[in-house]
Amino acid sequence: MKKTLSLLFSLSITFLLCPKIELKKVIDCSQIFKGKIAGNPVTMQLIYDGIIDYHQYQHFVKGWYYYDKYKKKIPLTGVYDLANLHLYNFGSQH
């Protein structure tokens, strides 16, 4: 009986003192693209920004692009519908 109580006591102390372990799901919702505009190398990053009115096939995206030579980020916003990607730049209103 003493051995059983001793075992239960030591197990309870062990579980009380052990650190809590958590698993967190990390999802990367961004993508970087490289390409050319009028022959000039550019880099673009797009980030998934949510679903449009609960429509599972249309998604908001936001991000930026820059000409590799200047590296000044130009903001973008747009819509992705699994077949088409429409990107817009609204200048200083962004």
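First residue of the sequence shown? That's -16 in my numbering, and the numbers climb one at a time after it. All residues carry an ideal CB built from backbone N, CA and C; glycine is no exception.
Beta-carbon spacing of residue i, residue j below 7 Å
i: Ile57; j: Tyr71; result: no
i: Asp32; j: Val44; result: yes
i: Ile34; j: Cys12; result: no
i: Tyr50; j: Asn23; result: yes
i: Phe74; j: Leu59; result: A quick correction: the sequence has Gly, not Phe, at residue 74. In this structure, Leu59 does not lie closer than 7 Å to Gly74 by Cβ.
i: Ile10; j: Gln28; result: no
Residue i, DSSP secondary structure in three states
i: Leu65; result: coil
i: Phe(-8); result: helix
i: Gly74; result: helix
i: Lys17; result: strand
Spatial neighbours of residue i in its chain, beta-carbon cut-off 7 Å, leaving aside the 5 residues before and after
i: Asp64; result: Tyr40, Gln41
i: Thr26; result: Ile15, Lys17, Tyr48, Tyr49, Asp51
Residue i classed as buried or exposed, judged by whether at least 16 other C-beta atoms fall within 10 angstroms
i: Leu(-12); result: exposed
i: Gly18; result: exposed
i: Leu68; result: exposed
Own chain partners of residue i with C-beta closer than 8 Å, once the 5 adjacent residues on each side are dropped
i: Lys55; result: Tyr49
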